[in-house]
Amino acid sequence: FLWLARNGFSPHVASRRLSGEPEAAIRDGFARLFAELGVATDANDPVALTVFPEMDVAADVPEITEACWGILGKSPESVMCASSRMVVKRKGEAHPVVLACTLLPYDPRFELGRTLAEAAGAVPLNHPHCAKFCVLGGGACSRG
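Below is the structure:
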């Protein structure tokens, strides 16, 4: 993140809200962090900082069939994980990893390797969050 911000990129940040946690508190915390790091990212900009709602993996979610894509006017290639990757450095881990999606930070099926080259392959849309948030909900980690 710092390297990107300091080298002319405008990285977008995604976070997850936990039950009962006010979004304003999350944005305030990121604003302090960005200020401490000397990064110009605006924590109050919903594009620069996307705050996801708490997601329930046990929730009943409809299966997305091939016919659904046509009904929705979408394609698997239009979902963000088809072309974007997230680099995550977990606490206590020696190295960052590349993930298909920030909504799935601990699901090993969506950990694609330690390099962008390793993560260049297709991503299966077989998680409830794929259907509920991204396909049906139109969610994305960034805009633009």
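Take 46 as the starting number for the sequence shown in my numbering and just add one per residue. No residue lacks a Cβ here, since even glycine has one placed at the ideal position from N, Cα and C.
### Task
Determine the direct distance from the alpha carbon of Pro-91 to that of Arg-130, and round the result to whole angstroms.
Within the sequence shown, the letter at position 85 stands for residue 130. Within the sequence shown, the letter at position 46 stands for residue 91. Straight-line Cα distance between these residues: approximately 19 Å.
### Cβ distance (whole Å) where Ala-59 is taken to contact Phe-97 below 8 Å
The residue given as residue 59 occupies position 14 in the sequence shown. The residue given as residue 97 occupies position 52 in the sequence shown. With a Cβ gap of about 6 Å, Ala-59 and Phe-97 count as contacting.
### Three-state secondary structure (DSSP) of Ser-123
As a working note, residue 123 is residue 78 in the sequence shown. In the structure shown, Ser-123 sits in a helix (DSSP, three-state: H, G or I).
### Task
Give every residue of the same chain whose Cβ lies closer than 8 Å to the Cβ of Phe-178, excluding the five residues on either side of it in the sequence, and list them in chain order.
Indexing the sequence shown from 1 puts residue 178 at position 133. Counting only Cβ-Cβ distances below 8 Å, and skipping sequence neighbours, we find Phe-97, Met-100, Leu-148 and Gly-184.
### Message
Between which residues of its own chain and Ser-120 is the CB-CB distance below 7 Å, once the five residues before and five after are set aside?
### Response
Within the sequence shown, the letter at position 75 stands for residue 120. Excluding positions up to five away in sequence, the list reads Trp-114.
### Message
Check this for me: beta carbons of Arg-159 and His-140, under 8 Å apart or not?
### Response
By one-based count along the sequence shown, residue 159 stands at place 114. By one-based count along the sequence shown, residue 140 stands at place 95. It is a contact, given that the beta carbons lie within the stated cut-off.
### Query
Can you tell me whether DSSP reads Phe-97 as helix, strand or coil?
Counting from 1 along the sequence shown, the entry for residue 97 is found at position 52. Residue state, collapsed to three classes: strand.
### Query
Beta-carbon separation of Leu-161 and Ile-109 under 8 Å?
Residue mapping note: residue 161 aligns to position 116 of the sequence shown, counting from 1. Residue mapping note: residue 109 aligns to position 64 of the sequence shown, counting from 1. Result no, Cβ atoms of Leu-161 and Ile-109 do not sit closer than 8 Å.
### Query
Where does Arg-154 sit, in a helix, a strand or coil, going by DSSP?
On the sequence shown, residue 154 is found 109 positions in, with the first residue counted as 1. Here Arg-154 sits in helix by DSSP.
### Option nearest Phe-46 by Cα separation, candidates Phe-79, Gly-166, Glu-68 and Val-168
The residue given as residue 46 occupies position 1 in the sequence shown. Out of Phe-79, Gly-166, Glu-68 and Val-168, Phe-79 has the C-alpha closest to the C-alpha of Phe-46.
### Query
Should Ala-88 be labelled buried (16 or more other beta-carbon atoms within 10 Å of its own) or exposed?
In the sequence shown, residue 88 corresponds to position 43, counting from 1. Burial call: buried.
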